[in-house]
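Reading through the structure tokens given below for one structure.
Residue numbers (the numbering used here): 71 to 216.
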């Protein structure tokens, strides 16, 4: 079984440059040369860095124990596994937004151009290390595996 995995952030090391968000979208789309404020990056990123009072935080799925996003999905696009991993099966998603509203972490976002919801999955479906971690110039991102 594939373990639950997601990036975590050391806010003291983060220099909110946005390169992790760019790498996320480039890994999914195959495009290169994107910049942090490009519309495609802002819309299709599966993780998001936010800065509050000068401190960076990371919005990603933490595979919470009660999975509030799962029961509200009318299309069974979200699945929980015995190890706690929560996957979003993008082909099943219709973009209704119920899961977005249910997620208390801001980890699920609407990608309007794709007409679906998206969330970080640690690049597991791409069979690679998370692109965001590889792209982080300050080493602020690391991988949690459970």
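From the three backbone atoms N, C-alpha and C, an ideal C-beta is built for every residue, glycine too.
Counterpart residues of residue i in DSSP-defined beta bridges
i: residue 79; result: 211
i: residue 156; result: 150
i: residue 127; result: 120
i: residue 101; result: None; residue 101 has no bridge partner.
i: residue 171; result: According to DSSP, residue 171 bridges with nothing at all.
Buried versus exposed, by CB contacts within 10 Å (16 or more), residue i
i: residue 210; result: buried
i: residue 148; result: buried
i: residue 192; result: buried
i: residue 105; result: exposed
i: residue 132; result: buried
i: residue 185; result: exposed
i: residue 162; result: exposed
i: residue 79; result: buried
i: residue 135; result: exposed
i: residue 85; result: exposed
i: residue 88; result: buried
i: residue 200; result: buried
Integer Cβ distance of residue i from residue j, believed to fall under 8 angstroms
i: residue 125; j: residue 81; result: 5 angstroms
Extent of the continuous beta strand (DSSP E) run through residue i
i: residue 181; result: 178-181
i: residue 186; result: 186-189
Start-to-end residues for the alpha helix (DSSP H) that takes in residue i
i: residue 132; result: Neither: residue 132 is in no alpha helix (DSSP H) and is coded neither H nor E.
i: residue 112; result: 109-114
i: residue 202; result: 201-205
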